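First the structure, in the form of structure tokens, and then the observations on it.
Numbering (our numbering), first residue to last: 147 to 320.
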């Protein structure tokens, strides 16, 4: 993406506010400049003039920051507003992290530049509760019934195979 100066960005915002044609930038289409200008105007209104400076800061967000951002999106905030609050120009990174979080949980947020996480972080899982005596007896009875039904099912499958084999021999003999 082309590097735009702060003055150019301010001209674009002023042009949008006054409904004037946007300034041209060599090698960039008007549609692209319009899209960028709308984003710059939105960021300018929220964060002020400092957001328009060309300072690229590669910030490493902690796992806690990523989870907080995902939870804010789950509560109903837009991805754009979360991205702007985090100091990002584009909401694509927030979207990708949110998809990773919804698909893989916290472990999905540990991936960094294609590398798998060293340790898997599991969310707090409730401890397994102890079964009561009646539940244990019912579980054993159900397991026995399941074994009996599986044995019957296997027997019926074998019987069906034998019957169909015998019928095939009978039709050949005639």
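Beta carbons are placed, not taken as given, at the ideal position from N, Cα and C, and that holds for glycine.
Keep in mind that this is a model prediction, so the values were computed, not measured.
| Query | Result |
| --- | --- |
| I need the straight-line Cα distance from residue 317 to residue 310, nearest angstrom please. | 11 Å |
| To the nearest angstrom, report how far apart residue 160 and residue 169 are at their CA atoms. | 10 Å |
| On the three-state DSSP scale, how would you describe residue 150? | coil |
| Suppose the cutoff is 7 Å on Cβ atoms and the five residues either side in sequence are ignored; what does the same chain contact list for residue 186 look like? | 155, 158, 159, 198 |
| Quick one: give me the first and last residue of the alpha helix (DSSP H) that residue 219 is part of. | 209 to 221 |
| Among residues of its own chain, excluding the 5 on either side of residue 152, which ones have a beta-carbon nearer than 6 Å to its beta-carbon? | 198, 199 |
| Which value, in whole angstroms, describes the spacing of the CA atoms of residue 181 and residue 236? | 12 Å |
| Does the stretch 245 to 257 come within contact of the stretch 210 to 230, defined as at least 3 CB pairs closer than 8 Å? | yes |
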